[in-house]
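Q: My questions all concern the structure below.
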Amino acid sequence: QAEKETLEFQAEVQQLLKLMIQSVYSNREAFLRELISNASDATDRLRFDALRDESLLEDDPELKIRVDFDLTERTITVSDNGIGMSRDDVVNNLGTIARSGTRAFIDSLTGDQAQDARLIGQFGVGFYSAFIVADRVTVHTRKAGEDPDYGVRWESAGEGAYSVEYEHRTQRGTAVVLHLRMDAEEYLDGKRLREIIRRYSDHISLPIVMPALPTDKAKDETKEGAAAEPSEQPTEETVNRASALWMRPKIEISDPEYIEFYKHVAHDYEEPQNWVHYKVEGTHPYTALLYIPSLRPLDLYAREQTRGVKLYVRRVFVMEDTKHLMPRYLRFVRGIVDTDDLPLNVSRELLQHNRLIDTIRAGSIRRILELLEKMAKKEPKNYQEFWTRFGTVLKEGVVEDTSNRERIAGLLRFCSTHDTSDQANVSLEDYIKRMKPEQKAIYYVTAETLGGARRSPHLEVFNKKGLEVLLLHEPVDEWLAAYLLEHDGKPLHSVAKGELDLGGLEDAESKAALQQAQEEYKKLVGRLQETLDERVSDVRVSHRLTDSPACLVVGEHELGAGVMRMLRSAGQ
Ligand code: ADP
Ligand code: MG
Numbered sequence: 004q005a006e007k008e009t010l011e012f013q014a015e016v017q018q019l020l021k022l023m024i025q026s027v028y029s030n031r032e033a034f035l036r037e038l039i040s041n042a043s044d045a046t047d048r049l050r051f052d053a054l055r056d057e058s059l060l061e062d063d064p065e066l067k068i069r070v071d072f073d074l075t076e077r078t079i080t081v082s083d084n085g086i087g088m089s090r091d092d093v094v095n096n097l098g099t100i101a102r103s104g105t106r107a108f109i110d111s112l113t114g115d116q117a118q119d120a121r122l123i124g125q126f127g128v129g130f131y132s133a134f135i136v137a138d139r140v141t142v143h144t145r146k147a148g149e150d151p152d153y154g155v156r157w158e159s160a161g162e163g164a165y166s167v168e169y170e171h172r173t174q175r176g177t178a179v180v181l182h183l184r185m186d187a188e189e190y191l192d193g194k195r196l197r198e199i200i201r202r203y204s205d206h207i208s209l210p211i212v213m214p215a216l217p218t219d220k221a222k223d224e225t226k227e228g229a230a231a232e233p234s235e236q237p238t239e240e241t242v243n244r245a246s247a248l249w250m251r252p253k254i255e256i257s258d259p260e261y262i263e264f265y266k267h268v269a270h271d272y273e274e275p276q277n278w279v280h281y282k283v284e285g286t287h288p289y290t291a292l293l294y295i296p297s298l299r300p301l302d303l304y305a306r307e308q309t310r311g312v313k314l315y316v317r318r319v320f321v322m323e324d325t326k327h328l329m330p331r332y333l334r335f336v337r338g339i340v341d342t343d344d345l346p347l348n349v350s351r352e353l354l355q356h357n358r359l360i361d362t363i364r365a366g367s368i369r370r371i372l373e374l375l376e377k378m379a380k381k382e383p384k385n386y387q388e389f390w391t392r393f394g395t396v397l398k399e400g401v402v403e404d405t406s407n408r409e410r411i412a413g414l415l416r417f418c419s420t421h422d423t424s425d426q427a428n429v430s431l432e433d434y435i436k437r438m439k440p441e442q443k444a445i446y447y448v449t450a451e452t453l454g455g456a457r458r459s460p461h462l463e464v465f466n467k468k469g470l471e472v473l474l475l476h477e478p479v480d481e482w483l484a485a486y487l488l489e490h491d492g493k494p495l496h497s498v499a500k501g502e503l504d505l506g507g508l509e510d511a512e513s514k515a516a517l518q519q520a521q522e523e524y525k526k527l528v529g530r531l532q533e534t535l536d537e538r539v540s541d542v543r544v545s546h547r548l549t550d551s552p553a554c555l556v557v558g559e560h561e562l563g564a565g566v567m568r569m570l571r572s573a574g575q
């Protein structure tokens, strides 16, 4: 029962710790935020589990986080009376990176310390940030409801291995003890710690308490050390505001507060690019605070997403949802939704067919699209950045969300023959503004690369006539084009499909020339048809080309070449 094990950290963790220890970490005090954030998550989970099993609260129902420091031991301790961890939990959570994106993280390391340190944040390596300031970390923990004999002690100096053993622990929850490095002694200071907590953790909705600041006299005594008696038990005081940030009126919340809250809910180090905070009154009131990250989450294309929008019911955390509150095409959105109207014991299954959830989802989509529209209009540079990061994902919305297709179409950005930029910065609106008076359709070409699109022989006649063509070169674009048939009354036409009808743009002269050519090449066309036989459905003389002798065209009602390639590679 008492056996002590020494285990190796997972290789990724070792790499991570090394990185952390050597790193010129721009923001050292983040360690405290990370540990408090974990303590807060742990109490959220206990509060939720206790709804089903009240006995988990034992005789200690007041959930809180405590930060202590000890000048003689040179330690800082962050403790909580949350859910705690079993021995297995400890090994799984504090010995590995319990994240699906671990591989991707390791692969994405650049060797550039500043950049890699930023990546650390994205992967929720939060706990390991203890080693930024500590050369030894001890964790004491006991899972809620577990026998006190099954408390667990974990310890590591952050160098490849850690130990775990059972220890008797009456106190439920977790205490993380940081044995500070020499160069981190500045944190052994009540005022400093308070300042950091207020700066980064004020939004935490439960109390973060510290021993009351000693009077000046008492402080002098402690400094002298020798005769410092632990005579009077220091009283506690709550350091943070301890209320749910999203319930406060918008005008009272500062940008830095919104930003810190984002970092906590999204487990991100980077600031969000933008956010929207709103309350809906009425029969089914709810509050939402939704953020657009400024970094791509690394699970953006993973089959199973790990993070999403957090659902709260009356301030109680219920679950992190990756499917119901946001559609796939807005899967990068992070934040919280808090409603009064769901049962606290709501299950994932229940979310699936729930009218309230559907209403919240529709409302949230609208708010996010409005936010993006506003950004596109008022901060085009920011919007361009957003588009570079998430445009590919947003495009899925055209296919997925029929009811918002028109709005999403308005947010799309493409490359086009209008300029040589490789930034997708042309909106359909821009295109339509530049259309020739007689031009009826929005033209696009699809290809596998932007270069390929630009070099497409299909463009020749359009270039000659000075007609702009959108250059679609992402895999999702063929699907997009299959669903986006028109915008603002203008049909979208592939330059590679069917008969090319340039409508009024055809001058009489070139029509005559075409007819003449058709006569002239009748024989050749006949021979080509015979030779190519089954491989093509038709051979035509065309005015599509000005420089290239021939090109392949797809029938009006056939799938584009890209989709055909996709189907073929899928063995269809
Ligand atoms: P994240 O918070 O993103 O999950 P961390 O590295 O911060 O990643 O924490 C790793 C895991 O360790 C957490 O997911 C949680 O399961 C566990 N953990 C950390 N701190 C605590 C705590 N105070 N109480 C309970 N579990 C914790
Ligand atoms: Mg964490």
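Residue numbers (the UniProt record's numbering): 4 to 575.
From the three backbone atoms N, C-alpha and C, an ideal C-beta is built for every residue, glycine too.
Because the structure is a prediction, the values reported are computed rather than measured.
Within its chain, find whatever has a CB closer than 8 Å to the CB of residue 474; leave out the 5 residues flanking it on each side and keep chain order.
A: Residue 474 sits at position 471 when you count from the first residue of the sequence shown. The residues are 417, 418, 419, 420, 447, 448, 450, 453, 456, 457.
Q: Can you name the start and end residues of the alpha helix (DSSP H) that residue 43 belongs to?
A: Along the sequence shown, read from residue 1 onward, the residue named residue 43 stands at position 40. Element bounds for residue 43: 33-55.
Q: With DSSP as the reference, identify every bridge partner of residue 180, one or two as the case may be.
A: To locate residue 180, count along the sequence shown from 1; it is residue 177. In the DSSP output, where bridge partners are listed per residue, residue 180 has 80, 141.
Q: My output table needs one value for residue 324: the three-state DSSP class, helix, strand or coil.
A: One-based indexing of the sequence shown puts residue 324 at position 321. Reduced to three states, the DSSP call for residue 324 is strand.
Q: Looking only at its own chain, which residues have a Cβ that is under 7 Å from the Cβ of residue 94, when we skip the five neighbours before and after it?
A: Sequence index remark: in the sequence shown, residue 94 carries index 91 (1-based). 10, 167, listed in sequence order.
Q: Whole-angstrom Cβ separation of residue 376 and residue 431, contact assumed at under 8 Å?
A: Sequence index remark: in the sequence shown, residue 376 carries index 373 (1-based). Sequence index remark: in the sequence shown, residue 431 carries index 428 (1-based). By a beta-carbon distance limit of 8 Å, residue 376 does not contact residue 431. Their separation comes to about 13 Å.
Q: Can you tell me the Cβ-Cβ gap for residue 370 and residue 328, rounded? I've got them flagged as a contact below 8 Å.
A: Here the question's residue 370 lines up with position 367 in the sequence shown. Here the question's residue 328 lines up with position 325 in the sequence shown. Their Cβ separation, rounded to whole angstroms, is 12 Å, which puts residue 370 and residue 328 out of contact at 8 Å.
Q: Using 8 Å as the Cβ pair cut-off and three pairs as the minimum, do the stretch 256-267 and the stretch 348-357 touch?
A: no
Q: Alpha carbons only, please: which of 18, 481, 195, 140 is nearest the one belonging to residue 119?
A: Taking the first residue of the sequence shown as 1, we reach residue 119 at position 116. Checking every option, the nearest Cα to that of residue 119 belongs to 18.
Q: Beta carbon of residue 44: closer than 8 Å to some heavy atom of the ligand MG?
A: Start at 1 with the first residue of the sequence shown, and residue 44 comes out as number 41. Flag set: Cβ of residue 44 near the ligand MG.
Q: Can you tell me whether residue 358 is buried or exposed, with buried defined as 16 or more other CB within 10 angstroms of its CB?
A: On the sequence shown, position 355 is the one that residue 358 refers to. Exposed: under 16 other Cβ atoms inside 10 Å.
Q: Can you say whether residue 341 is buried or exposed, counting buried as having 16 or more other CB atoms within 10 angstroms of its CB?
A: Here residue 341 refers to the residue found at position 338 of the sequence shown. Under this definition residue 341 is a buried residue.
Q: Only counting the same chain, and skipping five residues up and downstream in sequence, which positions put a Cβ closer than 6 Å to that of residue 147?
A: If you number the sequence shown from 1, residue 147 lands on position 144. Excluding positions up to five away in sequence, the list reads 49, 59, 86, 87, 175.
Q: Hey, out of 495, 190, 162, 90, whose CA is closest to residue 145's CA?
A: In the sequence shown, counting from the first residue as 1, residue 145 sits at position 142. Closest by alpha carbon: 90.
Q: Got a sec, what are the start and stop residues for the alpha helix (DSSP H) residue 214 sits in?
A: Counting from 1 along the sequence shown, the entry for residue 214 is found at position 211. Here residue 214 belongs to no alpha helix (DSSP H); instead the beta strand (DSSP E) covers 211-214.
Q: Have a look at the DSSP bridge pairing and note the partners of residue 494.
A: Indexing the sequence shown from 1 puts residue 494 at position 491. DSSP lists 489 as partners of residue 494.
Q: State buried or exposed for residue 200, treating a residue as buried only when at least 16 other CB atoms are found within 10 Å of its CB.
A: The residue labelled residue 200 in the question sits at position 197 within the sequence shown. So residue 200 ends up on the buried side.
Q: Would the stretch 62-70 count as touching the stretch 151-170 if we require 3 or more Cβ pairs under 8 Å?
A: no
Q: Under a Cβ-count criterion, where at least 16 other Cβ atoms within 10 Å of its own Cβ denotes burial, should residue 530 be classed as buried or exposed?
A: As a working mapping, residue 530 is identified with position 527 in the sequence shown. Result: exposed.
Q: Are the Cβ atoms of residue 276 and residue 399 separated by less than 9 Å?
A: Sequence index remark: in the sequence shown, residue 276 carries index 273 (1-based). Sequence index remark: in the sequence shown, residue 399 carries index 396 (1-based). No, the Cβ-Cβ distance between residue 276 and residue 399 is not below 9 Å.
Q: Quick check on DSSP: helix, strand or coil for residue 383?
A: Against the sequence shown, residue 383 aligns to sequence position 380. Helix.
Q: Check whether the Cβ atoms of residue 319 and residue 35 lie closer than 9 Å to each other.
A: Numbered from its first residue, the sequence shown carries residue 319 at position 316. Numbered from its first residue, the sequence shown carries residue 35 at position 32. No. Outside cutoff.
Q: Over what stretch of residues does the alpha helix (DSSP H) that includes residue 466 continue unbroken?
A: Mapped onto the sequence shown, residue 466 falls at position 463. The continuous alpha helix (DSSP H) containing residue 466 extends over residues 463-468.
Q: Can you give me the C-alpha to C-alpha distance between residue 164 and residue 40, rounded to a whole angstrom?
A: Position 161 of the sequence shown, counting from 1, holds the residue named residue 164. Position 37 of the sequence shown, counting from 1, holds the residue named residue 40. Approximately 25 Å between the Cα atoms of the pair.
Q: Exposed or buried, residue 79, counting other C-beta atoms within 10 Å across all chains shown (16 or more means buried)?
A: Taking the sequence shown and counting its residues from 1, the one referred to as residue 79 is at position 76. By the 10 Å Cβ count, residue 79 comes out buried.
Q: Tell me, which residues are paired with residue 8 by DSSP?
A: Here residue 8 refers to the residue found at position 5 of the sequence shown. Looking at the DSSP assignment, residue 8 forms a beta bridge with 167.
Q: Beta carbon of residue 179: closer than 8 Å to some heavy atom of the ligand ADP?
A: Indexing the sequence shown from 1 puts residue 179 at position 176. True, at least one ligand heavy atom lies under 8 Å from that Cβ.
Q: Would you mind working out which of 280, 239, 463 sits nearest residue 253, comparing C-alpha positions?
A: The residue labelled residue 253 in the question sits at position 250 within the sequence shown. Minimum Cα distance to residue 253 is reached at 280.
Q: Going by DSSP, what residue range makes up the alpha helix (DSSP H) through residue 204?
A: Stepping through the sequence shown from its first residue, residue 204 is reached at position 201. First-last of the alpha helix (DSSP H) with residue 204: 193-204.
Q: Look at the alpha carbon of residue 346 and the alpha carbon of residue 100, and state the distance between them as a whole number of angstroms.
A: Within the sequence shown, the letter at position 343 stands for residue 346. Within the sequence shown, the letter at position 97 stands for residue 100. Between residue 346 and residue 100, the C-alpha separation is close to 33 Å.
Q: Is it buried or exposed for residue 539, if we count other Cβ within 10 angstroms and need 16 for buried?
A: Working through the sequence shown from its first residue, we reach residue 539 at position 536. By the 10 Å Cβ count, residue 539 comes out exposed.
Q: Verify the CB distance criterion: does residue 404 have a CB-CB separation below 9 Å to chain C?
A: No chain C is present in this structure, which holds just one protein chain.
Q: How would you call residue 32, buried or exposed, if buried means at least 16 neighbouring beta carbons within 10 angstroms?
A: For this step, residue 32 is matched to residue 29 along the sequence shown. The residue is buried, with at least 16 neighbouring Cβ atoms inside 10 Å.
Q: For residue 444, report the span of its alpha helix (DSSP H) as first-last.
A: Taking the sequence shown and counting its residues from 1, the one referred to as residue 444 is at position 441. Boundaries cannot be given for residue 444, as no alpha helix (DSSP H) includes it and DSSP labels it neither H nor E.
Q: Among 256, 344, 500, 248, which residue has its Cα nearest to the Cα of residue 286?
A: Here residue 286 refers to the residue found at position 283 of the sequence shown. When each option's Cα is compared against that of residue 286, the closest is 344.
Q: Is there at least one non-hydrogen atom of the ligand MG closer than 8 Å to the beta-carbon of residue 130?
A: In the sequence shown, the residue the question calls residue 130 occupies position 127. Residue 130 Cβ: within cutoff of the ligand MG.
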